[in-house]
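Colleague: The structure follows.
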Amino acid sequence: MSAPNTGPRPTAATYQENAHLSGAVRAGAARIGRDPAAFTATVHAAREIVLASLART
């Protein structure tokens, strides 16, 4: 049995950031499928999104 969630409730901004990251990951996967050399740029873009999200918290 899992422990109850005792963390803060997600805000609308959190859901928006998650959707943005999810879209970026989906787009990145498609880009890497077309051009494996795009991996580095995709990782960099995802890292920027995550860091921006952390900076707002």
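Heads up: the sequence shown at position 15 corresponds to 15 in the UniProt record's numbering, and the numbers run straight through without jumps. Quick reminder that beta carbons are idealized off the backbone N, C-alpha and C, glycines included.
According to DSSP, is Arg9 helix, strand or coil?
Modeller: Within the sequence shown, residue 9 is the residue found at index 9, counting from 1. Looking at Arg9 - three-state DSSP - the assignment turns out to be coil, as it is neither helix nor strand.
Colleague: Between Ala24 and the rest of its own chain, which residues show a CB-CB distance below 7 Å, the 5 nearest in sequence each way excluded?
Modeller: The count along the sequence shown starts at 1 and reaches residue 24 at position 24. Excluding sequence neighbours, Ala24 sits near Ala45, Ala46 and Ile49.
Colleague: Determine the contact status of Ile32 and Thr40, defining contact as a CB-CB distance below 7 Å.
Modeller: Here residue 32 refers to the residue found at position 32 of the sequence shown. Here residue 40 refers to the residue found at position 40 of the sequence shown. Cβ distance not < 7 Å, so Ile32 and Thr40 don't count as in contact.
Colleague: Rounded to whole angstroms, what is the Cα-Cα separation between Pro8 and Ala19?
Modeller: Looking up residue 8 in the sequence shown gives position 8. Looking up residue 19 in the sequence shown gives position 19. Their Cα atoms are separated by approximately 19 Å.
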